[in-house]
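According to the working numbering, the residues represented by the sequence shown are 1 to 341, in order.
Backbone N, C-alpha and C fix where the C-beta goes; we use that ideal spot for every residue, glycine too.
Down below is the structure, laid out as structure tokens.
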Amino acid sequence: MDSQIITPKYLPLCITEDIDVEIISLIVKRILNYLFNKKLSASEWKKLRQFDCTVVNSNGVPENYHFSFKDICLHLKQNRKFNRAVFKFPQFFCYWIDNEMTLSTNIYCPTGNGEESISFVFNTSLGNDFPIKPCIDREGAAFASMQYTILTEILRSRHYLVEHSDELLQPGGVWLSTLISYFNSCVSIVEITLIQLYYKAKYDGPSKNWVFDEERLGSTICRKFEDKLHWIGQITGKPLDDAKDEMESFNVVKNIRNHLNHFDPPLFAYTIEDVASWLSLVNDIGMLLFKIRSKMDICINDQIVELMLLPKVNFVPNHPDTIRYPQKPNVGYQSCHFIHR
1 MDSQIITPKY LPLCITEDID VEIISLIVKR ILNYLFNKKL SASEWKKLRQ FDCTVVNSNG
61 VPENYHFSFK DICLHLKQNR KFNRAVFKFP QFFCYWIDNE MTLSTNIYCP TGNGEESISF
121 VFNTSLGNDF PIKPCIDREG AAFASMQYTI LTEILRSRHY LVEHSDELLQ PGGVWLSTLI
181 SYFNSCVSIV EITLIQLYYK AKYDGPSKNW VFDEERLGST ICRKFEDKLH WIGQITGKPL
241 DDAKDEMESF NVVKNIRNHL NHFDPPLFAY TIEDVASWLS LVNDIGMLLF KIRSKMDICI
301 NDQIVELMLL PKVNFVPNHP DTIRYPQKPN VGYQSCHFIH R
């Protein structure tokens, strides 16, 4: 029987093993401060060495367990995500911004003469006076937050684009549509966070000690993104003044998103080196969300932790022995701009 030689698939993108330990410490500090209602620095948490905790399990039986700041850091370094079950931590998220409250039904029950039907209504967590009450009276669904859905889509699309990078030289297809989804989701999650901040401040601001001046803030409609960013400081009193690098990365992503969505100019090109750099910007998107939530004094969630710890992406040449020169600024995506812009 003839043996068959299987040629391994060439993947032009690969992930690196490097990880930023300072970001890990930042994440662990944030998680512990939230769960234990503290405001300690990373160095202060480290000095505490080992923590002894008691948790009541699902059977009502108390269980003792131990962990340290170093244990959680090592866990994040090894896994690049946080599995709270390992440390028996409760789920951590901000209820009013993350709680993806879903109402769905597969029934339709007309009442009386058929002009009415049994309806399902729920209140959002944006405040009792928030005027919109999602309602369905037949087969359908309603949602109160899209944070989890969009964050999960960023993670999914980033993984797909790397793991299926053999498809990136094929015109059209799933890979390109996934790239578009990646850009859209990265921009959407930041804008959605700002919109949720606006409405929470408007209808429930006093509970957060926030200031809502509608004349100063303006409307959410037809508002420039830069104006929306100013909402953070105008509402919380803590402007986003420590995110210069993250905003530079976000603006790169936003500009490409706008180009792809409007296709103006009606041309698009990339080198694989371009793609590798774009996919490595996702860490800064995660850090931007981290810093925005810090100003809002709300916790992060599992997906943001994973975004911040995703490995960087590198280009792997198909012919590694060929001498390569640095990419010039007038090729690849940079060749698709009007000079006067």
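Cβ-based burial, H340 [other Cβ within 10 Å; buried from 16]:
A caution first: H340 carries a pLDDT of 49, below 50, which makes its placement in the model unreliable, though a value can still be read off. Counting the other Cβ atoms within 10 Å of the Cβ of H340 gives fewer than 16, which makes it exposed.
Going by DSSP, what residues sit across from P376 in a beta bridge?
With the chain represented from 1 up to 341, any question about residue 376 goes unanswered, as that position is not in the structure.
Going by beta-carbon coordinates alone, are Q234 and L260 separated by less than 7 Å?
no
A42 classed as buried or exposed, judged by whether at least 16 other C-beta atoms fall within 10 angstroms
A42 comes out buried.
By DSSP's criteria, C14 is part of a beta bridge. Which residues make up the other side?
N314
P329 versus F268: straight-line alpha-carbon distance, rounded
Going from the Cα of P329 to the Cα of F268 covers about 15 Å.
I'd like to check one pair, I256 with F183: are the Cβ atoms closer than 7 Å?
yes
Between Y148, C73 and S119, which lies nearest to C135 when the distance is taken from Cα to Cα?
S119
By the 10 Å Cβ neighbour count, where 16 or more other Cβ atoms means buried, how is Q196 classified, buried or exposed?
buried
Inside the region 18 to 98 only - beta strand (DSSP E) runs reaching at least 3 residues:
50 to 56 and 62 to 68
Minimum C-alpha distance to I107 - residue among D137, V282 and K238:
Closest in C-alpha terms to I107, from the list D137, V282 and K238, comes D137.
Quick one, are the C-beta atoms of I189 and I150 less than 7 Å apart?
yes
Contiguous alpha helix (DSSP H) assignments of at least 4 residues, all confined to the region 113 to 187
147 to 163
Is DSSP giving S207 helix, strand or coil here?
helix
Pair every Cβ in the region 109 to 116 with every Cβ in the region 91 to 100, then say whether three or more of these pairs are closer than 8 Å.
no
From the DSSP secondary-structure annotation, give me the bridge partner or partners of S104.
A141
Under 8 Å by Cβ, that's how I've got T193 and L289 pegged, so tell me the actual separation to the nearest angstrom.
7 Å
Buried/exposed call for E246, threshold 16 Cβ in 10 Å:
It counts as buried.
Where does the unbroken alpha helix (DSSP H) through R293 begin, and where does it stop?
V282 to M296 is the span of the alpha helix (DSSP H), which, as asked, contains R293.
How long is the line joining the alpha carbons of V282 and E116, rounded to whole angstroms?
48 Å
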